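Student:
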Amino acid sequence: MRASANPELIDALAVEIKVRREELGFSQEDLAGQTELGRPYISLLEVGKKQPTISVLYRIAVGLGLTFGEFADRVERRYKKEAKRRRAAAKA
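Printed below as a string of structure tokens:
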């Protein structure tokens with residue numbers, strides 16, 4: 000896998016998938032079944048080791064009970080929040 004040009008965004012995506020999955024009380028196996036993806040692939044997504052395609056992101060969003068737009072908004076908010084925290088830490 001080629002390294003991401005924006006690893007912080009991949010991290011935000013990874014965390015959001017795991018947080019939302021846990022909010023719903025889903026196991027990785029449950030989400031895998033909802034998305035027709037393998038449990039190992041879900042695991043790799045949740046630790047930022049995979050960069051999913053847009054079609055996989057869509058399947059994940061739907062599997063997590065969100066529209067694609069809602070899911071993207073959640074990832075973006077998490078990404079911006081973490082970027083703000085990093086900037087504040089760098090100034091300290």
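The sequence shown lines up with residues 0 to 91 when you count with numbering that gives the first Met the number 0.
Where a beta carbon is used, it is the ideal one built from N, C-alpha and C, also for glycine.
Nothing here was measured: the structure is a model prediction, and the numbers come from that model.
1. CA-CA distance, Lys83 and Ala89?
2. Would you check if the distance between the CB atom of Ile16 and the CB atom of Glu45 is smaller than 9 Å?
3. Roughly how many whole angstroms lie between the Cα atoms of Ile59 and Leu30?
4. Buried or exposed for Leu12, going by 16 or more other Cβ atoms inside 10 Å?
5. Which same chain residues end up closer than 6 Å to Asp10 when comparing Cβ atoms and leaving out the 5 residues on each side of it in sequence?
Tutor: Based on what the coordinates show:
1. The count along the sequence shown starts at 1 and reaches residue 83 at position 84. The count along the sequence shown starts at 1 and reaches residue 89 at position 90. Looking at the two C-alpha atoms, the distance is approximately 10 Å.
2. The residue labelled residue 16 in the question sits at position 17 within the sequence shown. The residue labelled residue 45 in the question sits at position 46 within the sequence shown. Yes.
3. Counting from one through the sequence shown, the residue named residue 59 turns up at place 60. Counting from one through the sequence shown, the residue named residue 30 turns up at place 31. Their backbone Cα atoms lie some 8 Å apart in a straight line.
4. If you number the sequence shown from 1, residue 12 lands on position 13. Per the 10 Å Cβ criterion, buried.
5. Taking the first residue of the sequence shown as 1, we reach residue 10 at position 11. Result list for Asp10: Gly47, in chain order.
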